[in-house]
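FYI, in my numbering the residues of the sequence shown are 36 to 129. For glycine and all other residues, C-beta sits at the position ideal for the given N, C-alpha and C. Treat the numbers as computed from the prediction; the structure is a model and nothing was measured.
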Amino acid sequence: MNTIKTEPTYTNKNFTELMTMGFKIEIRHGRNGQRRIYLNNKYNERITDPAEPKKSIFMDFYDNKGKSITPETSRNNSHLDVALKYLLTKAKQL
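Quick look at the structure:
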């Protein structure tokens with residue numbers, strides 16, 4: 036029996052590109068609606084910035100009362116989408 040392996044389809048193009056490049060993301064909860072998104076490798080380990088070796092690549096964002104915390108479907112130009120664009124830019128520099 037032949038099975039076709041299909042890749043999941045995401046609606047956010049920045050998230051999709053990060054996934055196809057082999058990266059993962061990690062979202063941590065903060066206070067007052069603030070969250071932090073990290074760029075991770077395929078083993079889910081945080082990636083450090085080559086310019087600052089002891090600093091992980093991350094960006095803080097606000098979750099808009101829980102509406103913007105799903106990276107797969109985040110709206111274009113939402114706080115999370117802007118953070119994903121930043122991580123994508125950093126990932127391309129690696």
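{"Query": "Of the choices Gln128, Pro106 and Thr124, whose alpha-carbon is the least far from that of Ile72?", "Result": "Pro106"}
{"Query": "Closer than 7 Å by C-beta to Glu87: which residues in its own chain qualify, once you throw out the five before and the five after it? Chain order, please.", "Result": "none"}
{"Query": "What are the boundary residues of the beta strand (DSSP E) that includes Tyr97?", "Result": "Phe93 to Tyr97"}
{"Query": "Whole angstroms is fine: what's the gap from Phe96's alpha carbon to Lys90's?", "Result": "18 Å"}
{"Query": "Exposed or buried, which one is His114 when buried takes at least 16 other CB atoms within 10 Å?", "Result": "buried"}
{"Query": "Expressed to the nearest angstrom, what Euclidean distance is found between the alpha-carbon atoms of Ser109 and Asp98?", "Result": "10 Å"}
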